[in-house]
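Colleague:
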Amino acid sequence: MSPIPLTYRIIFNYAEPLMATLGAVQAVVAPRDLLRLSLPSVPYTTAMYPLFSQMCGAWLMFAFHDVVTLRIYQHVHIWKHILGAAILSDLGYVASLVQSMGLAWFCSPLRWDGANAFTVVSTLLPLLAKIFFVLGVGLPRSTPKAKVPGKEL
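Residue numbering for the sequence shown is 1 to 153, as defined by full-length UniProt numbering.
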């Protein structure tokens, strides 16, 4: 039996990697639309395309870790490290949203259009889930340390 609660496994093994993969595909196939959704104040130019390839790579890496690494290692200790790194990435993305929207707009959901709402909510909810996991919310009190062949974590 996994020490990782089912809610976290659903979020991080299914929902978030699906969203990351869809975002990666959109970054390559429709970067103009992705930019309009995430940073509407920034005009698209074709010179930006390499940045979207970078986003694609980063999002696919997160999807891989969520689908593969977190499934192989059902250990809270490893999950906390992987999700801790993802928190750092998410905080950078949230900072870019605040820079684009402005803090007053970002903090005023009643002013958002559908694109703003989707982008902010689909970013903040998984970020909060990661923070809760790293803080131990809903986790068993004691979990065994993960063992890696030839090395103890």
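Glycine residues also receive a C-beta, built at the ideal position from the N, C-alpha and C atoms.
1. Which runs of the alpha helix (DSSP H), 4 residues or longer, sit entirely within the UniProt domain "DUF7704" (3 to 138)?
2. Near Phe52, which residues of its chain fall below 6 angstroms by C-beta distance, leaving aside the five closest residues on each side in sequence?
3. Could you check the C-alpha separation between residue 180 and Gly23 for me, to the nearest Å?
4. Compare the beta carbon distance of Phe133 and Trp79 with 8 angstroms and say whether it is the shorter of the two.
5. Apart from the five residues just before and just after Leu70, which ones in its own chain have a Cβ nearer than 7 angstroms to its Cβ?
6. I'd like to check one pair, Ala117 with Leu37: are the Cβ atoms closer than 8 angstroms?
7. What does a CB cutoff of less than 7 angstroms around residue 162 pick up in its chain, not counting 5 residues either side in sequence?
8. Are the Cβ atoms of Ala86 and Lys130 separated by less than 8 angstroms?
9. When the Cα atoms are used, what is the spatial distance from Arg111 to Gly84?
Modeller: The short version:
1. 6 to 10, 16 to 29, 31 to 38, 49 to 64, 76 to 101, 103 to 106 and 114 to 135
2. Ala27 and Pro31
3. The question about residue 180 has no answer, for the chain in this structure spans 1 to 153.
4. yes
5. Phe12, Asn13, Trp79 and Ile82
6. no
7. Nothing about residue 162 can be reported from this structure: the residues present for the chain run from 1 to 153 only.
8. yes
9. Arg111 and Gly84 have their C-alpha atoms roughly 31 angstroms apart.
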